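Position 30 of the sequence shown, counting from 1, maps to 655 under my numbering, and the rest follow consecutively. Think of the CB as a built atom: it goes at the ideal place given N, C-alpha and C, for glycine as much as any other residue. Quantities reported herein were computed from a predicted structural model and do not represent experimental measurements.
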Amino acid sequence: MTLVAERISFSYGRHRVVDDVSLTLSSGDFTVLLGPNGGGKSTILSLLSGRLSPSSGEVLLNGLPVSGLPGRYRASKMAVVPQSSPPTLDFSVRERVTIGRRARLSPFQRMSPEDDHAIESAMSQLDVLEFADRPCNKLSGGEQQRVSLAAALVQEPEVLMLDEPTSSLDPAHVVKTVQILKNLPSQPAILLITHDIELAFHCAKHLMLLKDGKIRFQGPPEEILTPENLAEIYGCNAAIKPGVTFF
């Protein structure tokens, strides 16, 4: 599986928020995108997922334009965890995760015991099984985020894109979530957007630093996350100190 962005750009009115970005996501990749607020990170994710169409350039999934693929087909191949999403009406946690599983099934296909097991397993992994029957709109922000992650994982996607998936999580669940993502047996292509530089350093196989809609630096995190590069991107002094990590 390969998802390729070929020189994509996108503007809101006259304001260009993504400028000539190219990237490739392949099975087993763990790519992290870092950059300041308003730099175009979430817009890139929307372009890659097909929710937005680039004003120039093209996004290809296995060589086919994403914009021309049926929505159900895209949903069967790609899962997206947005930065924040309102609770899904008064659906229960179990119903919300089940919706994620149905994305990989044909419209009239019945759920199998294997599907039921996958739903239970995803909820258990993300520690939401204990409140599986609670309405999603009665959960805390961190609990909602874990439910969204469970709904994405149960799709067993070939491409998994996550926009700040750990922003509302406590430290224990940050560690657990990262460990789950790094050890998914299906080895999807993962694109993770975060503001956590330390998390990015320890998780990414490939890291991209974005500013003003352009990828300024990319490569292995130990080569890219230098004080000089971080100063250019963020305008402040920062440095990573490699050492013991829980990730």
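Selection Ser680, Leu672, Ala630 and Ala747 evaluated against Arg639 yields Ser680 as nearest (Cα-Cα). Gln804 sits exposed, since fewer than 16 C-beta atoms from the chains shown fall within 10 Å of its C-beta. Secondary structure note for Gln812: it is in no alpha helix (DSSP H), with a DSSP letter that is neither H nor E. With respect to the 8 Å criterion, Val772 and Val718 are classified as neighbours on the basis of their beta carbons.
With respect to Lys830, Ile858 sits apart: the two C-beta atoms are not nearer than 8 Å. When rounded, the separation of the alpha-carbon atoms in Ser709 and Phe733 is 30 Å. Under the criterion of beta carbons closer than 8 Å, Ala776 and Arg729 do not qualify as touching, at roughly 12 Å.
Assignment of beta-bridge partners to Met703 by DSSP yields Val784. Cys761 is positioned such that its CB atom lies closer than 8 Å to that of Phe716. Annotation: the continuous beta strand (DSSP E) that includes Lys836 extends over His831 to Lys836.
Residue pairing from DSSP places Phe655 in a beta bridge opposite Ile815. The alpha-carbon of Ser793 is positioned some 35 Å away from that of Leu689.
When the Cα atoms are used, Ile840 and Leu832 turn out to be separated by approximately 10 Å.
With a cut-off of 8 Å on Cβ pairs, the region 689-701 is not in contact with the region 643-658, counting fewer than three such pairs. Counting along the chain, the unbroken alpha helix (DSSP H) around Thr802 starts and ends at Pro796 to Lys807. When only Cα atoms are considered, Gly844 and Val657 end up about 10 Å apart.
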